[in-house]
């Protein structure tokens, strides 16, 4: 991986598996991932961003996952001074096209509208994916997968279709 990998934002309602998806992407890519939470970054501030980029340099190529990204990268219009400093530090560190080859940033958020627009510019976390509640066929496949995994067979009195219909709006 000798080039910069476009970052993305994965958004959607709570409980839809956004963080699990981010981690699964890293595992499927066979890359190490660094998961950053707001609490961890704020706890270690002002050294948090510097430590993060040292870890990135040490683990490249890698994937960096920002869980609850809206708390880390909230719009600077609404941010406190510490949040503004974190955003500024991150923007400065990600400004060079060559300094982050082999690194992909993934922001996980329930509230993409709260993110600072500079974070979602091309070259940072500009691709957007929405992970919503599973639809009928998705729920059917998920339940069927679990039934097979648990080696459970439904008898004639139980309808998989009825189970799937009753799970509308539910999460796996």
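In this note's numbering, the protein residues as written are 364 to 535.
Glycine residues also receive a C-beta, built at the ideal position from the N, C-alpha and C atoms.
Remember, predicted model here, so these are calculated numbers, not experimental data.
Query, Result
"Residue range of the beta strand (DSSP E) that residue 492 falls in?", "490–493"
"So, is the C-beta of residue 398 closer than 9 Å to a C-beta in chain B?", "Here there is only one protein chain, and chain B is not present."
"Under three-state DSSP, which class holds residue 479?", "coil"
"Could you name the residues that DSSP lists as bridge partners for residue 429?", "399, 470"
"Below 7 Å CB to CB, which residues in the same chain sit around residue 447 once its five sequence neighbours on both sides are set aside?", "439"
"Please state the DSSP three-state secondary structure of residue 374.", "strand"
"What residue from 379, 393, 383 has the CA that sits closest to residue 466's CA?", "393"
"Is it a yes or a no for the segment 500–519 touching the segment 397–410, going by three-plus beta-carbon pairs under 8 Å?", "no"
"Quick one: Cα of residue 531 to Cα of residue 435, how far?", "33 Å"
"Compute the Euclidean distance between the alpha carbons of residue 375 and residue 517, then round it to the nearest angstrom.", "32 Å"
"Within 10 angstroms of the Cβ of residue 480, are there 16 or more other Cβ atoms? Answer buried if so, exposed if not.", "exposed"
"Could you work out which residue in 497, 496, 482 is closest to residue 490 when comparing CA atoms only?", "482"
"Is DSSP giving residue 521 helix, strand or coil here?", "coil"
"From the DSSP output, in three-state form, read off residue 437 for me.", "strand"
"Starting from the C-beta of residue 423, find all residues in its chain whose C-beta is less than 7 Å away, skip the five residues before and the five after it, and write them out in chain order.", "465, 466"
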